[in-house]
Amino acid sequence: MYKTTLSEKFRHRKVWKGHNPNLIHSFIPGTIISVAVKEGQKLKKGETLAVLEAMKMHNFIVMPFDGEVVKVNVQPKDTISMKLALFEVRPKL
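Take 171 as the starting number for the sequence shown in the working numbering and just add one per residue.
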């Protein structure tokens with residue numbers, strides 16, 4: 171049997187979390203211009219959830235699959251950072 175000493179860096183490391191396909195994250199920092207959905211709304215793949223303005227360009231955040239919006243975490247004029255969870259969605263069963 172071996173005795174091992176763990177380093178400070180290892181003991182305070184960030185724990186890995188798997189990707190949750192039901193969360194839609196921002197891919198770039200910016201400002202939410204409009205939110206086109208409400209909680210409980212059913213959508214088809216490709217429909218617009220929101221419009222994000224970044225560097226004077228409008229980026230459309232779209233539904234990745236057919237399903238329902240469970241939770242909306244943003245509203246118009248919100249300034250958001252990268253990788254922020256914007257929407258929680260549920261696939262159509």
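Each residue gets a CB set at the ideal place from its N, CA and C atoms; glycine is no exception.
A quick note: this is a predicted structure, and the numbers were derived from the prediction, not measured.
(message) Let's see if you can read the secondary structure: which residues bound the alpha helix (DSSP H) around residue 178?
(response) Taking the sequence shown and counting its residues from 1, the one referred to as residue 178 is at position 8. For residue 178, the enclosing alpha helix (DSSP H) begins and ends at 178–181.
(message) Contact defined as beta carbons within less than 8 Å: I believe residue 222 pairs with residue 194. What is the distance between those atoms, to the nearest angstrom?
(response) For the purposes of this step, residue 222 is taken as residue 52 along the sequence shown, with counting starting at 1. For the purposes of this step, residue 194 is taken as residue 24 along the sequence shown, with counting starting at 1. Actually they are not in contact, since the Cβ atoms of residue 222 and residue 194 sit about 11 Å apart, beyond 8 Å.
(request) On a CA-only basis, which of 262, 263, 256 is nearest residue 206? Give me that one, please. (result) Position 36 of the sequence shown, counted from the first residue, corresponds to residue 206. Ranked by how close their Cα comes to the Cα of residue 206, the residues 262, 263, 256 have 256 in first place.
(message) When you compare the CB of residue 241 with every CB in chain D, is at least one pair closer than 8 Å?
(response) The question asks about chain D, but that chain is absent: this structure has only one protein chain.
(request) Would you please state the rounded distance, in angstroms, between the beta carbons of residue 241 and residue 258? I believe it to be under 8 Å. (result) Indexing the sequence shown from 1 puts residue 241 at position 71. Indexing the sequence shown from 1 puts residue 258 at position 88. Right, their Cβ atoms sit about 4 Å apart.
(message) Is it buried or exposed, residue 196, if we count other Cβ atoms within 10 angstroms and call 16 or more buried?
(response) Mapped onto the sequence shown, residue 196 falls at position 26. So residue 196 ends up on the buried side.
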